[in-house]
Ligand code: SAM
């Protein structure tokens, strides 16, 4: 970077992984094969990109910073299976960049039985929307996401019910994936050093689990709304979530149907219970909508 006259830009989360054993560990943990399209968000200087390009069939790497985008292409000129995009990976908080989606679609169509895998040392400010939004893609959900993220975020993703970290993100990811923390990393393995600890996390998508969710968008909205006021009792939360659509009587009937009465909070419920609750509300709302049409 010094040779190229480039300095790290903190607003882009530019903390480069300088421990090459750990860069290798990320690439190895992703279990890449020739059948895989590896997506990397945050090319940086391309050190991880080069490793994953040796293992994956295709690599799509996205970098927001034009200087780094150029530098990485020069560093990795010997590879012919890498697509370098100079883009913001996100269009906004709720959507991926459509150019990125088109590029993934194209690469997937070129490999028979292609699988998409996210492998990245993510910029921390976009890690949550990126991981969450990739799981909303019906067309090609990643089979795994092996990423470096802030340690606190990794703890929220793997959190168990009843703990302070358990919330909408834990529910969204655990309902369709099996997440596991691979390694905790101290700030000193990065340059410049971030203020927080980091973790490598491996999130494997579980197709059987995912197929049990009939309406992913409904489930996503439901779990997010449950945790907006996490200290409120579950019944009160549901009354406000459905205030224009369902009566208090409707809500009590659903809660009684799965024995959820009394002073219980959403954070105390196990993933399958929340899933069942969501499903009952979804079916009830659908029935009401159909009745209203008749
Ligand atoms: N892969 C490199 C490594 O392992 O050292 C760099 C990782 S660094 C934590 C994150 C990279 O993501 C930076 O190069 C940064 O410029 C880039 N970045 C930040 N926000 C981005 C965004 N919205 N879309 C794409 N790249 C982004």
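Numbering (the working numbering), first residue to last: 751 to 1044. A virtual CB, placed ideally from N, CA and C, is assigned to each residue, including glycine. Nothing here was measured: the structure is a model prediction, and the numbers come from that model.
Cβ-Cβ distance between residue i and residue j below 8 Å
i            : j            : result
residue 1021 : residue 925  : yes
residue 831  : residue 803  : yes
residue 791  : residue 808  : no
residue 1014 : residue 976  : no
residue 822  : residue 853  : no
residue 871  : residue 898  : yes
residue 946  : residue 1024 : no
residue 768  : residue 896  : no
residue 928  : residue 888  : no
residue 799  : residue 826  : yes
residue 997  : residue 954  : no
residue 814  : residue 837  : yes
Endpoints, alpha helix (DSSP H) assigned at residue i
i            : result
residue 855  : 848-859
residue 746  : The question about residue 746 has no answer, for the chain in this structure spans 751 to 1044.
residue 970  : 966-976
residue 1000 : 998-1007
residue 771  : 770-779
residue 1038 : 1021-1043
residue 883  : 877-884
residue 802  : 797-803
residue 990  : 984-991
Bridge partners - residue i, DSSP secondary structure assignment
i           : result
residue 897 : 870 and 951
residue 928 : 954
residue 791 : 812
residue 935 : 948
residue 915 : Paired residues: none, contrary to the question.
residue 845 : 842
residue 941 : 766
residue 865 : 786
Element boundaries [beta strand (DSSP E), containing residue i]
i           : result
residue 834 : 832-836
residue 811 : 808-813
Residue i Cβ short of 7 Å to the ligand ATP heavy atom set
i           : result
residue 871 : The ligand ATP is absent from the structure shown, which contains only the ligand SAM.
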